[in-house]
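**Student:** Got a structure here, written out as structure tokens. Questions coming.
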Amino acid sequence: MSKITRRAALKVSAATFAAPFVWRLHAHAAPSETVLHASFGAGGMAGADIGSLSNSKNLKLIAVAEVDSNTGNLAALKKKWPDLRVYTDYRQLLDKEKDLNSVNVSTPDHMHAPIGMRALNRGLNVYGQKPLTQTIHEARLLTEVAAEKKVVTQMGIQIHSARKHKLVVKLIQEGIIGKVKEVHSWSGKSWGDTAPKPDKTDKPPANLDWDLWLGVASDRPFIGGGYYHPGNWRKRLDFGTGTFGDMGCHILDPVFNAIGVGNPSSIRSELPGPNAYNWSLDVQVKYVFPGSKFTTDPVSLTWYNGKARPPKEVVELIGKLPLDGQGSILIGTEGVMYSQYDSGGQPILIGDKFKDFKMPDVKSDDHYLQYVEAVRGNGKTSAPFSYSGPLTEMVLLGCLATRFPKTDLKWDTKALTFSNNEKANAFVKKAYRKGHEVEGL
7 MSKITRRAAL KVSAATFAAP FVWRLHAHAA PSETVLHASF GAGGMAGADI GSLSNSKNLK
67 LIAVAEVDSN TGNLAALKKK WPDLRVYTDY RQLLDKEKDL NSVNVSTPDH MHAPIGMRAL
127 NRGLNVYGQK PLTQTIHEAR LLTEVAAEKK VVTQMGIQIH SARKHKLVVK LIQEGIIGKV
187 KEVHSWSGKS WGDTAPKPDK TDKPPANLDW DLWLGVASDR PFIGGGYYHP GNWRKRLDFG
247 TGTFGDMGCH ILDPVFNAIG VGNPSSIRSE LPGPNAYNWS LDVQVKYVFP GSKFTTDPVS
307 LTWYNGKARP PKEVVELIGK LPLDGQGSIL IGTEGVMYSQ YDSGGQPILI GDKFKDFKMP
367 DVKSDDHYLQ YVEAVRGNGK TSAPFSYSGP LTEMVLLGCL ATRFPKTDLK WDTKALTFSN
427 NEKANAFVKK AYRKGHEVEG L
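When you read off a place in the sequence shown, starting at 1, and then add 6, the result is the number in this note's numbering.
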């Protein structure tokens with residue numbers, strides 16, 4: 007539970023003597039209570055998150071912060087919750103909504119940490135979309151503060167709770183393919199851009215608060231035609247994390263969870279990196295980790311996206327099976343596992359030795375309802391920031407490595423620095439725009 011401040015204790019004491027009503031000492035709702043919830047973002051992924059969280063009869067949406075008043079989901083939200091309060095500035099929502107228990111942060115990547123940290127500083131429970139943050143430094147700090155505040159957290163990697171991903175973890179940790187030697191994971195998505203930034207300035211539409219959309223990012227002119235808003239921000243260095251940050255948190259989650267590794271000792275990117283403004287279309291990054299009890303020592307993980315794919319000798323390990331649009335091949339000392347992300351209901355064990363193998367009884371969980379119930383005091387989340395923060399750090403290290411192609415980067419996770427490349431250290435954290443600073447970041 008959240009810590010009780012002296013001010014909160016005094017307020018509670020005064021209220022106790024004033025009237026015989028039930029009061030809260032912390033942001034957790036008791037099992038019999040309704041979770042009073044706010045969303046940062048109303049459309050896109052935020053709309054999906056609201057819909058899934060509100061499948062619980064025990065959650066009530068009382069406020070949203072949205073910088074685009076034309077977001078189509080707003081009207082539907084107001085119809086479902088007539089008393090819903092809508093803000094443009096997320097800071098005002100956090101200042102004014104005193105009864106909140108919980109929030110979801112479902113904005114463009116660059117605002118995940120600023121909003122998430124302000125919510126944590128208030129002692130609120132947080133459902134944060136992936137990647138948890140845009141920089142490694144932010145991920146470390148959110149993880150630490152969430153632990154300090156003892157709040158309920160969950161990152162939006164929904165498939166983490168799905169049967170097929172849980173099976174990957176169970177099979178690897180039971181040693182079904184022996185100790186993992188190497189992993190190859192990929193996504194066919196290409197959230198990047200090779201073109202330079204358009205040399206033009208457009209007037210922001212009246213429905214969009216461009217200054218608040220920029221948030222902590224440096225000031226710049228608006229460019230229309232969807233260059234930034236509503237979706238192409240993922241491609242831009244200052245706002246998104248490319249395909250790697252977007253899909254790596256999903257596809258590498260069961261791998262990271264299964265093999266039990268921490269941060270890598272080294273990372274190397276092989277393909278051309280981003281230009282001055284945009285993430286690259288095609289990525290190939292190799293991590294080397296110290297071994298764990300589920301792996302050889304060392305163990306390697308190579309990520310590919312865009313047109314990049316694992317080499318022929320790795321693809322041949324799965325025989326005539328088609329290579330899924332997204333997935334992983336895990337190579338062990340005693341066998342091979344093929345985990346399809348887009349297709350298939352469970353991982354595939356390759357080889358005649360597994361033809362009579364019976365998959366263990368593993369069931370899916372509802373990732374969202376798991377969070378709501380944990381806030382209410384029932385059970386725990388499976389992807390709290392204590393887990394998803396380090397996962398995000400690993401993924402973002404790969405994103406950062408793409409800026410330094412053909413370079414072996416040596417990582418010191420305790421110091422949050424590269425021991426052999428000062429230029430790379432400049433991208434571990436970032437400065438926030440004046441007037442948008444956040445305590446703790």
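Note that beta-carbon positions come from the ideal geometry of N, C-alpha and C, so glycine has one too.
1. Grab the span of the alpha helix (DSSP H) containing S272 for me, first residue to last.
2. Could you tell me the boundaries of the alpha helix (DSSP H) in which E379 lies?
3. Taking just the CA atoms, how far does H166 sit from K102?
4. Could you tell me how far apart the beta carbons of R97 and K369 are, in whole angstroms, since I believe they sit closer than 8 Å?
5. Beta-carbon within less than 6 Å of K436's beta-carbon, same chain only, minus the 5 sequence neighbours each way: which residues are those?
6. Can you tell me whether F363 is buried or exposed, with buried defined as 16 or more other CB within 10 angstroms of its CB?
7. Between which residues of its own chain and G194 is the CB-CB distance below 7 Å, once the five residues before and five after are set aside?
8. Please classify F300: does DSSP put it in a helix, a strand, or coil?
9. Does DSSP put K102 in a helix, a strand or coil?
10. Please classify E379: is it buried, with 16 or more other beta-carbons within 10 angstroms of its beta-carbon, or exposed?
11. By DSSP, does N79 sit in helix, in strand, or in coil?
12. Beta carbon of V92, beta carbon of V109: below 7 Å?
13. Starting from T159, trace the beta strand (DSSP E) both ways and give me its first and last residue.
14. Inspect the CB distances between the region 216-233 and the region 117-126 and report whether three or more fall short of 8 Å.
15. Near L16, what residues of its chain come up, given a Cβ to Cβ distance below 7 Å and the 5 sequence neighbours on each side ignored?
16. Can S272 and D418 be called in contact, C-beta distance under 7 Å?
17. Is it true that the CB of I163 sits closer than 7 Å to the CB of F46?
18. Per DSSP, A69 forms a beta bridge with which residues?
19. Over the uninterrupted beta strand (DSSP E) stretch that includes S108, give me the two end residues.
20. Return yes when the Cβ of G248 is within less than 7 Å of the Cβ of W197, no when it is not.
21. Can A52 and L99 be called in contact, C-beta distance under 7 Å?
22. Have a look at G297 and N76 and give me their C-alpha separation to the nearest angstrom.
23. Within 10 angstroms of the Cβ of G251, are there 16 or more other Cβ atoms? Answer buried if so, exposed if not.
24. Kindly indicate the opening and closing residues of the beta strand (DSSP E) around V434.
25. Cα-Cα, which of D367, M365, A389, P366 is closest to Q376?
26. Tell me which residue opens and which closes the beta strand (DSSP E) that F295 is part of.
27. Report all residues from its chain with a CB closer than 8 Å to the CB of K416; omit the five preceding and five following residues, and keep chain order.
28. How is the alpha helix (DSSP H) around Q179 delimited, first residue to last?
**Tutor:** Checking against the coordinates, here is how it stands:
1. Taking the first residue of the sequence shown as 1, we reach residue 272 at position 266. Element bounds for S272: not the alpha helix (DSSP H) but the beta strand (DSSP E), 272-275.
2. As a position in the sequence shown, residue 379 is number 373, starting the count at 1. It spans 373-381 - the alpha helix (DSSP H) in which E379 sits, taken as one unbroken run.
3. As a position in the sequence shown, residue 102 is number 96, starting the count at 1. As a position in the sequence shown, residue 166 is number 160, starting the count at 1. Distance between the alpha carbons of K102 and H166 is about 34 Å.
4. Taking the sequence shown and counting its residues from 1, the one referred to as residue 97 is at position 91. Taking the sequence shown and counting its residues from 1, the one referred to as residue 369 is at position 363. So it is not a contact: roughly 41 Å between Cβ atoms.
5. Sequence index remark: in the sequence shown, residue 436 carries index 430 (1-based). These residues qualify, in order along the chain: T141.
6. Position 357 of the sequence shown, counted from the start, is the residue given in the question as residue 363. The residue in question, F363, is exposed, as its Cβ has fewer than 16 Cβ neighbours within 10 Å.
7. Counted from its first residue, the sequence shown places residue 194 at position 188. Result list for G194: G331, Q332, in chain order.
8. The residue you call residue 300 lines up with position 294 of the sequence shown. Three-state DSSP puts F300 in coil, outside helix and strand.
9. Here residue 102 refers to the residue found at position 96 of the sequence shown. Three-state result, K102: helix.
10. Taking the sequence shown and counting its residues from 1, the one referred to as residue 379 is at position 373. Buried, since its Cβ has 16 or more Cβ neighbours within 10 Å.
11. Position 73 of the sequence shown holds residue 79. The answer is helix: DSSP assigns N79 an H, G or I state.
12. Taking the sequence shown and counting its residues from 1, the one referred to as residue 92 is at position 86. Taking the sequence shown and counting its residues from 1, the one referred to as residue 109 is at position 103. Contact: no.
13. By 1-based counting over the sequence shown, the position of residue 159 is 153. Where T159 is concerned, the enclosing beta strand (DSSP E) stretches over 159-161.
14. yes
15. Position 10 of the sequence shown, counted from the start, is the residue given in the question as residue 16. Since pLDDT at L16 reaches only 32, below the 50 mark, its modelled position is unreliable, and no value is offered.
16. Locating residue 272 in the sequence shown gives position 266, counting from the first residue. Locating residue 418 in the sequence shown gives position 412, counting from the first residue. Cβ atoms of S272 and D418: not closer than 7 Å.
17. Here residue 46 corresponds to residue number 40 of the sequence shown, with the count starting at 1. Here residue 163 corresponds to residue number 157 of the sequence shown, with the count starting at 1. Not a contact, by the Cβ cut-off of 7 Å.
18. Translated into the one-based positions of the sequence shown, residue 69 becomes position 63. Answer is A44, R91.
19. Counted from its first residue, the sequence shown places residue 108 at position 102. Counting along the chain, the beta strand (DSSP E) containing S108 begins and ends at 108-111.
20. For the purposes of this step, residue 197 is taken as residue 191 along the sequence shown, with counting starting at 1. For the purposes of this step, residue 248 is taken as residue 242 along the sequence shown, with counting starting at 1. Yes, the pair counts as a contact, with Cβ atoms nearer than the cut-off.
21. Within the sequence shown, numbered from 1, the residue matching residue 52 stands at position 46. Within the sequence shown, numbered from 1, the residue matching residue 99 stands at position 93. Going by C-beta atoms, A52 is not nearer than 7 Å to L99.
22. Taking the first residue of the sequence shown as position 1, residue 297 is located at position 291. Taking the first residue of the sequence shown as position 1, residue 76 is located at position 70. So the two alpha carbons sit approximately 50 Å from each other.
23. The sequence position of residue 251 within the sequence shown is 245, counting from 1. That one is buried.
24. As a position in the sequence shown, residue 434 is number 428, starting the count at 1. Where V434 is concerned, there is no enclosing beta strand (DSSP E), given that its DSSP letter is neither H nor E.
25. In the sequence shown, residue 376 corresponds to position 370, counting from 1. Cα-wise, what sits closest to Q376 is A389.
26. Position 289 of the sequence shown, counted from the start, is the residue given in the question as residue 295. Counting along the chain, the beta strand (DSSP E) containing F295 begins and ends at 289-295.
27. For the purposes of this step, residue 416 is identified with residue 410 of the sequence shown, where counting begins at 1. These residues qualify, in order along the chain: S271, S272, F424, S425, N426, N427.
28. Numbered from its first residue, the sequence shown carries residue 179 at position 173. Run containing Q179: 169-179, per the alpha helix (DSSP H) assignment.
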